[in-house]
Structure formats: structure tokens, C-alpha cells
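Structure record follows, encoded as C-alpha cells.
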Amino acid sequence: MTKFLRYILFTLTILCAGFHFTEVLAQVSFVAQAPKTVTTGLPFKVKFVLSNAEGTDFSCPAFNGFEKLVGPSESHFSSYQYINGKSSKSSNTTYTFVLQADKKGTFNIPVASIRVNGKTLRTKPLSINVQEGNGKASTGNQPQEDDEDYYVKPQNAGSAITQRDLYFTVDATKHRVYEQEPIMLTYNVHAKVGVALANVMLKQKPDLKGFWTQEIELPRNLSPNTERQNNGLYRVATNLKYIVFPQQTGKITIPGISFECDVLQRDTKMDAIDAFFNGGGNINVKVLRKSPDLNIEVLPLPTPRPANFSGGVGNFKIKSQLITPIPRTNDVATLRLTVSGKGNMKLIKAPEMPFPKDFEHFEPKTTDNTKVNADGISGEMYFDYTFVPRNIGQYTLKPQDFVFFNPETGRYVTLSVPAIPLDIKKGTRSAHEGNYDAKSREMEISPYRHVASSTHSNGTFSGGMLWIGSISNVLLYIFIIVAGLFVLTFANKRASLRADIAGWRTSQAQKNAMKALRTIEKKITEGKEDNNFYGQLSNILRNYFTDKLRLNAATLTSQSLLDALEQKEIPNDILQQLKTLLETCDYARFAPDAEKSKKQAHLHSASDIITRIDTKL
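Heads up, the sequence shown is in my numbering, so the first residue is 1 and it goes up one at a time.
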């Protein structure tokens, strides 16, 4: 909209107030306003109001006996009225101060002055009675958050925004912790009353090397608190929260992180019409701020560590449960160990389970049922052990003790898992069928293990030689023709698919993923794997889903991947298995696990996920 059109629209708006515009002049006045009684320790307002005139050279008094927290804040108000063919105009300019009394007594607000049309106007002095504070606000004393005069109008354009006006802090629940002990980091923004902070954006993510980290989701609309700091009033809001688990010992410095802030300032040079069409004449100022560095001292866990230490740091409980009520020979049964409590639960290793020699057993399946909150990570971790008994009889499972470190006491704690009696009944399957079931489960876990098999049979024709006109000869010709058509169709389809690059990558996604998994497994078997095992495994999974679902690799995250699979109606148990494996790969980069058996188990899990999802799709 051009400026000429704005003037026309603004003029029409004013003319709509009435056809007869006879102005009635209002009386000019300059007065002071303040409560008669206030309480020590609580802020209150003092206003100087100029009515129906434009003033210059405002001179504020000395507030002896009071501490000035904010001010002066200048605000303007005007109104028009049209009654019985006559119009009237009124306006006022208000200069607001926020003061606070620190001792009781009677104090005066001296005279303030202002120049209007070459004349000096003065207010009358006010007397204020200050009473001893009792922790409660007196009526009319304490400014409220919805009072437009209390939270000052935006600064004038060009006003300096100093480090004392707007800054960030970072608070840690502890500055001296044990290795793996959780620390809560809270990043707060502090804006002095009068700084119109409109938005805060993270400019650079925190450098948390040496920590396993988890960001805590905050509510979308956070209400800031008003606090008195540095002899002023500030609005304080939480911007970020992280819970971190140190993975190394010694003195660690967490570098400060950068934020980009949007601060509104008022452009006083903009005329009324432009301001009317530009949000009241406010302009946006970009301000960069950085939080201070944070020093953390991480103590090593006491040595010697117990041989069966689980890696858990916190306070936990453990219990066992036989999921299969009546185990039978050659049938699959499940035993569950549940670890509950609060601490680094996601990094706890599954306890060892010494099964009898005539039991076939598999790697435990881990299910994460924890949540992250301001107190840390709490909830439950389920470890499901699958086994197949071969013989009937009475058995007793005695798991190894569960050992963790309690940082509150500074000691290792050993929890004894009760022995689990098993009464194995005779099953309906034979040992041969049981072996088949176990092999089937192994194949489900690792479908990229090739099993070579061949079947030989001797075929004879009861009719002797194949005569040209015989039925066998005709059937042979039909078979050759059908096979030729099938081969031709397949070749054309394959050529068409190759022409469609995205379609070709989709069709080859599983094949390429399995080939990559076999390559890693071969290196592990030969003892040639590198230190980036979990990074390679994560890349294989992400490449598979990028090709299979035709996703954008640059923007692919674990959550967006799970959402895409959920839309494809992939069962929840598969999604949970994939989520656990992706988290394991991420955690292992900070806490690498060199156990060969666990790497093979993760390979099996990845293969199982790819096979099941490929079948569903």
C-alpha cells in the first residue's frame, strides 16, 4: 500500500467520527499519583500525568528514602468523542516509576516539573506512609503482570541494550559428581523490565562432548517470573533444559551456548499514519547473547569395581518374573528381570543369567519403559531371556547378583535376585521339532546367515522315450514357452526398474543392507572390526530406510523415521525394537562396548528389523 493511499484511508477513518467536527478544548493539567501507604520490600508505582498537552523537559524529583527500580517509562494515550454534533479530544502523557521502600516511616515525593507552551507546570508533593513488611502485598501496592503501565512500553529505537539489560545464565544441580551421575542443566534468559523481549532462538547447540545427553521437553508457553536482581526488576524464563551423564572423569568445562534474541523498540520518528499500518511503529532489533561457561568436576567410581558391576549409577531395585507359567520341553519360554528406579537406566547392562547346560538360550531382549523429567531418568528396564528346556525335571535358576553404584552413599550396592524354581513338564513336540524351532528362531534373528541345502531325486518316464506327439512332449513345449515369457517379462520389468533410479534403489534396499551387515559380521568373526562399529550399523539402518521409503537423508531423524513407519502401519513391537537399536547405537558412541557377543546380537537385531519391515511393506 502506497503512502498516499494510507493517508486517504487514515483521513476517512477520522472523518467517520462525525460530519460536524466542532472541537471542545479540554483543560491542561500535570499531577502526581502514588499510593498513600506501601509496604517495605514490595515495589509500587509513582506516576506523573500530563493531560491534554504536549510537554518537554520533564524533570523528575529525587526519591529520597526509596530505591528506584524502573523508570521513567513514558506512555501516551489519546481519545476522541462525538456527542450531539460536537467533538471533544483528550490526551495524556504518563511518566511511570517503580520504586521500593526498604525502611518504614513517612517519606515525601517532591515536586516534578515539565515545560508546556513556554510555561513550566509543577506537581504537588505527595506523602507516603511506609509500613513494615509482613510478606503480603497491601491492596493497590504491588503492580500486577497484566498492568500495562507496570511492564514498560518498548524502548525508543536506538536505545542501548547492555549485558545487564539482557543476559543468560546456566544452572547445574551439581558441580561435583561421580562418573555417570546425572546433572540437570537449566538455561535461563533474564530481561530487565523495559526490554521488550519478543523471541529467543538457539544459535548454536551446546558442546556436550564427554556427556551422554537428553534434552527435556519444555511447555510451549512458559510464563516468566518477575525477580529483583542487580537493583532492578527482571523477567526470568527457562529456555533450555538438559540432563547429562558424564562419561569421563576430571574437570570438564561445558562451553557457553549462543542465543539470538528479538527485542522490540519503538520508532519515534515514524509518523502516526505509518505507525498505524506497521504494528504501532515497533521495529525488531537482533541481539546476540551467550551463556557463561560451566565447570564440572567428575569423580571416578571407586576402585576396584566389582566384577559383575552392571554400569548402573543411581538407586535401583530388581525383581524376576517367569512370563511362561508352565515351561515345557522343546517349547520356548521367557524369563523377565525388571530393573526399576532412577539414574542412568538406559546405560545399564543386562544381568547375566546362567542357564543349565541342557537349556538352549538366546541373547536377552531389552525394553525401555523410562521417562526423562526434571529429576532425571526414572522408570523401568525390562530384560527378557528366552530359553528352550530339553529335558523334564526340577531346575533352579540362580541369576548373578545385580550390582550398581549409589552416588548418595558413595558405595556399591549388591542386590541378590531370588532363585527361580522351574518345574519342566513334558511338551507336545519332539526334540527334533524343538531343534527346528530353535533353528527357526535363530534364522529369524539372523536371516543373512546362509544355510545350504540340496535335494536329489531320480526321475523316470514310465512311457519310456519322449515321442514328439506324446503328452509329455507337448507339456514340455508348453513349459518352455511359459518359462520364456516369464523370463522376458522379468527382464523387461528389471530394465524398467533400473531406468527408475529411485525405484531401483527401493527394490535393492534390503539386498544392499544385508550385504553390508554380512560384511561387518565377517570382520567381527575375523577380529578385524574397527572402532566405529555402531556408527556403521546406524548408517546401514538409515540408508536402508532412506532407499526403501524414499526419504530425504539430510532431514532424516529417528523420530521422523518412526513416524513414517507408523503411517505405513508397521506393528508397535517392531517400532519399539527399532527405536531401542537406534538409541543403543547413539549411546554406544559415548560409551563404546567392546564385547563381541553384544555386537553380534545388535547385528542380529538389525537384520530381524529389516526383514520384518521389508515383509510388511
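The C-beta atom is built at its ideal place from N, Cα and C for all residues, glycine as well.
None of these values were measured; they are calculated from a predicted model.
Cβ contact annotation for MET184 (same chain, cutoff 6 Å, sequence separation greater than five): THR173 and ILE243, in chain order. Here DSSP, grouped into helix, strand and coil, assigns ASN572 to helix. In this structure, the beta-carbon distance from ASN188 to VAL236 falls below 8 Å. In terms of Cα proximity to GLN394, the closest of VAL417, GLY379, GLY376 and ILE424 is ILE424.
For GLU380, the enclosing beta strand (DSSP E) stretches over residues 376-389.
In chain order, LEU551 and LEU561 place their CB closer than 7 Å to the CB of PHE545, counting only its own chain and leaving out the 5 sequence neighbours on each side. GLU566: member of the alpha helix (DSSP H) spanning 558-567, first to last residue. A distance below 6 Å between beta-carbons, with the five flanking residues on each side excluded, links PHE355 to the following residues of its chain, in chain order: HIS361 and PHE387. DSSP lists no beta-bridge partner residue for PHE63. Look at GLU217 here: in three-state DSSP terms it is coil, with no helix or strand label. Rounded to the nearest whole angstrom, the CA to CA distance from PRO292 to PHE30 is 47 Å.
Put simply, the backbone Cα of ASN406 is about 11 Å away from that of GLN180. Counting C-beta atoms within 10 angstroms of its own C-beta, VAL474 has fewer than 16 neighbours from the protein chains shown and is therefore classed as exposed. In its chain, beyond the 5 residues on either side, HIS190, ALA191, LYS192, VAL193, THR226, GLU227 and ARG228 have a beta carbon closer than 8 Å to the beta carbon of TYR234. A straight line joining the alpha-carbon of THR123 with that of SER113 spans about 7 Å. In the three-state DSSP reduction, HIS602 falls in the helix class (H, G or I).
When rounded, the separation of the alpha-carbon atoms in THR56 and LEU264 is 25 Å.
MET201 sits in a strand when the DSSP states are folded into three classes. Closest option to ILE326, judged by alpha-carbon separation, among LEU294, PRO389, PHE316 and GLU363: PRO389. Three or more beta-carbon pairs separated by less than 8 Å link the stretch 533-549 to the stretch 602-612, which places the two stretches in contact.
When DSSP states are grouped into helix, strand and coil, PHE58 belongs to the strand group. CA-to-CA, the gap between TYR412 and THR303 works out to about 10 Å.
LEU541: member of the alpha helix (DSSP H) spanning 533-549, first to last residue. When DSSP reads this structure, ASN406 sits in a beta bridge with ARG411. DSSP places ILE323 in the coil class of the three-state scheme, outside both helix and strand. Taking all protein chains in view, the Cβ of MET201 is surrounded by fewer than 16 other Cβ atoms within 10 Å, so the residue is classified as exposed. Between PHE309 and GLY341, the C-beta gap is not smaller than 8 Å, which leaves the two residues out of contact. Pairwise C-beta distances place the stretch 474-490 out of contact with the stretch 574-587, as fewer than three of them are shorter than 8 Å. Residue burial is scored here from C-beta neighbours: GLN321 has fewer than 16 other C-beta atoms within 10 angstroms and is therefore classed as exposed. If you draw a 10 Å sphere on the C-beta of GLN510, you find 16 or more other C-beta atoms in it, and that means buried. For VAL332, the secondary structure class from DSSP, reduced to helix, strand or coil, is coil. The C-beta distance from THR253 to VAL130 rounds to 47 Å, too long to fall under 8 Å, and the pair is not in contact. Separation of the CB atoms of GLY427 and ASP331 is rounded to 5 Å, and the pair is thereby assigned contact status at 8 Å. Around the beta-carbon of LYS515, fewer than 16 other beta-carbon atoms lie within 10 Å, marking it exposed.
With contacts defined as CB atoms closer than 8 Å, ASN391 and THR329 qualify as a contacting pair.
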